């Protein structure tokens with residue numbers, strides 16, 4: 002196993018390496034896996050210059066591959082083995098990949114609850130109905146558990162734009178410069194909604210495709226322990242900065258909200 006960097010911030014551990022090597026060696030097992038793995042994008046067609054940012058013609062070759070990918074059939078058994086018994090996994094996918102992803106995870110031993118839908122509010126430019134939703138497999142291992150908020154709907158509406166990274170001091174980044182957001186960065190609020198429904202405070206949440214760290218930030222803000230694995234050093238550095246800010250902010254919140262009658266207690270563990 003090769004771990005190029007190992008950073009612990011509060012109750013969060015961030016690992017730079019390939020999830021195929023790192024995930025099998027993790028101990029203890031996770032109470033939840035919540036992740037947005039890289040998957041094939043729609044290729045072909047022509048948006049007539051409508052796409053910008055990471056999907057602009059000079060950044061994306063329209064091949065359907067924006068990041069290095071791990072096949073569904075390869076990741077599913079690793080994620081299943083990394084989970085404790087009677088635990089949930091929420092794995093993001095696309096409408097085109099949902100069938101292949103579900104088949105791989107069911108073959109690995111998961112039960113399939115249902116498809117969760119994220120309404121991004123905004124839409125991706127396209128000439129064939131602009132997509133404004135993304136999807137996630139809601140899975141379980143062992144015995145299915147009732148979620149914390151049983152009134153939650155399968156569809157959640159959450160604005161895609163997350164500006165929280167703009168408030169992170171530049172000094173928290175390795176080179177002192179604030180990079181742009183991750184191309185497929187998910188809102189912290191979205192990840193927080195899913196992980197608080199499937200875990201309790203102090204539980205361990207694992208994201209084997211951490212990216213810029215939204216899942217780990219959500220865990221830190223919610224009082225969960227977390228482990229994130231990322232292959233790309235650039236996004237690993239961004240995740241470290243974001244998680245450090247989230248952990249420090251939670252410490253401050255806990256201190257400010259601590260009892261003022263002299264009671265003592267651990268504010269952060």
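Numbering (this note's numbering), first residue to last: 2 to 270. C-beta atoms are modelled at their ideal positions from N, C-alpha and C, and glycine is treated no differently. Since this is a predicted model, take the numbers as computed values, not measurements.
Open item on the list: Can you give me the C-alpha to C-alpha distance between residue 19 and residue 138, rounded to a whole angstrom?
Closed with: If I take the Cα positions, the gap works out to 22 Å.
- [ ] Could you tell me which of 245, 193, 252 and 133 sits nearest to residue 33, measuring between CA atoms?
- [x] 193
Task: Member of 128, 195, 28 and 136 whose CA lies at the smallest distance from the CA of residue 89 - done: 195
- [ ] Determine contact between the segment 123 to 135 and the segment 73 to 80, defined as no fewer than three beta-carbon pairs at a distance below 8 Å.
- [x] no
Open item on the list: Contact between the segment 133 to 150 and the segment 105 to 123 is defined here as three or more beta-carbon pairs at a separation below 8 Å; is this criterion met?
Closed with: yes
Open item on the list: Cutting at 7 Å between CB atoms, please list the residues of its own chain near residue 102, excluding the five before and the five after it.
Closed with: 73, 92, 94 and 138
- [ ] Output the distance between the C-alpha atoms of residue 228 and residue 208, rounded to the nearest integer angstrom.
- [x] 6 Å
- [ ] Find out if the Cβ-Cβ distance for the pair residue 230, residue 35 is shorter than 8 Å.
- [x] no
TODO: Verify the CB distance criterion: does residue 141 have a CB-CB separation below 8 Å to chain C?
DONE: Absence of chain C from the displayed structure is noted, only one protein chain being present.
Open item on the list: Please classify residue 111 as buried or exposed, where buried requires at least 16 neighbouring CB atoms within 10 angstroms.
Closed with: buried
- [ ] Excluding the 5 residues preceding and the 5 following residue 114 in the sequence, name in chain order all residues of the same chain whose CB lies nearer than 6 Å to its CB.
- [x] 139
TODO: Quick one: grab the DSSP three-state call for residue 199.
DONE: helix
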